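Colleague: First residue of the sequence shown: 1449, per the numbering used here; consecutive thereafter. For each residue, glycine too, the CB sits at the ideal point set by N, CA and C. If you're wondering where the values come from, they're calculated on a predicted model, not measured in any experiment.
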Amino acid sequence: MPAIEFIGYSRDEAVERMERYIPLFAHLDWADDFIFQIEPDNKVIGLNRIEQPLVRVRSRFPERIEITRDILRDHEDVESFVIDFRARRVQD
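1. Going by DSSP, name the residue or residues bridged to residue 1545.
2. Could you compute how far the alpha carbon of residue 1450 sits from the alpha carbon of residue 1496?
3. Compare the C-alpha of residue 1521 against each of 1504, 1493, 1536 and 1486 and name the closest.
4. Hey, is the region 1524 to 1532 in contact with the region 1484 to 1499, meaning 3+ C-beta pairs nearer than 8 Å?
5. Which word fits residue 1564, buried or exposed, when buried means at least 16 other C-beta atoms lie within 10 angstroms of its C-beta?
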């Protein structure tokens, strides 16, 4: 499941981007696995005081991250990382 998180965008900007990007992923066999994370309005500001919004992509599958990055690259600054999942037993 690739998760796409909009960082530094208003809620309306994030929803507008999500709607724009959904068709770009539609051709993928695993398109229904995408999830979008939209937070309330937030800002990302560099030390130079310039806003620097970005999209963060994360997944357990590096190849899906690469494909997603390639699709979004022309539209957004993209940060990505692989989730390393390890099942752990819960003790009482």
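Modeller: Looking at the atomic coordinates:
1. The structure shown has nothing for residue 1545, since the chain only spans 1449 to 1540.
2. Counting from one through the sequence shown, the residue named residue 1450 turns up at place 2. Counting from one through the sequence shown, the residue named residue 1496 turns up at place 48. The straight-line gap from Cα to Cα measures roughly 31 Å.
3. Position 73 of the sequence shown, counted from the start, is the residue given in the question as residue 1521. Here the closest residue by C-alpha is 1504.
4. no
5. Nothing can be reported for residue 1564: it is not among the residues displayed for the chain, which extend from 1449 to 1540.
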